[in-house]
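Q:
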Amino acid sequence: MKKTAMKKTWLTAVCGLALTLGAAAAEAQVVVRIGPPPPRPVERIPPPPRPGWVWHEGYHRWDGVRYVWVPGYYVAPPRPGVRWIPGHWSHRGGGYVWIEGHWR
Numbered sequence: 150m151k152k153t154a155m156k157k158t159w160l161t162a163v164c165g166l167a168l169t170l171g172a173a174a175a176e177a178q179v180v181v182r183i184g185p186p187p188p189r190p191v192e193r194i195p196p197p198p199r200p201g202w203v204w205h206e207g208y209h210r211w212d213g214v215r216y217v218w219v220p221g222y223y224v225a226p227p228r229p230g231v232r233w234i235p236g237h238w239s240h241r242g243g244g245y246v247w248i249e250g251h252w253r
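This note's numbering numbers the first residue of the sequence shown as 150 and each following residue consecutively.
1. Starting from G244 and walking both ways along the beta strand (DSSP E), at which residues does that stretch end?
2. Determine the extent of the beta strand (DSSP E) in which V219 is found, giving its start and end residues.
3. Under a three-way DSSP split, which group does I234 fall into?
4. Leaving out five residues before and five after P219 in sequence, what residues of the same chain have Cβ atoms less than 7 Å from its Cβ?
5. Could you tell me which of G213, P227, V231 and W233 sits nearest to V246, measuring between CA atoms?
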């Protein structure tokens, strides 16, 4: 019985550590020394696949070597009354950091 309780305690501690490390990794930001190219001037926006869906505009993503264009796409809002705040490149210190888009 004592071994079982100890195993449960150990497993709980390991899981807690894994969750903490996972959250820290999710917050890590890559600083790119080269500024992103300007956004594409015109992105053809097709009609939404369903009423209420929101367009996520295209953006330049850093692939570790260069910027790559990611085309825009539609997505269903997670709940009524929210709006999409697009992601963007922010100049910080000696480089650029990608700020993820989010619902507000």
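Positions of the beta carbon are idealized from the N, C-alpha and C atoms, including for glycine. Every value quoted in this text rests on a predicted model; they were computed, and no experiment measured them.
A: So, from the listed chains and residues:
1. G244 to I248
2. Y216 to V219
3. strand
4. According to the sequence displayed, residue 219 carries Val and not Pro. The answer, listed in chain order, is G207, Y208 and R210.
5. G213
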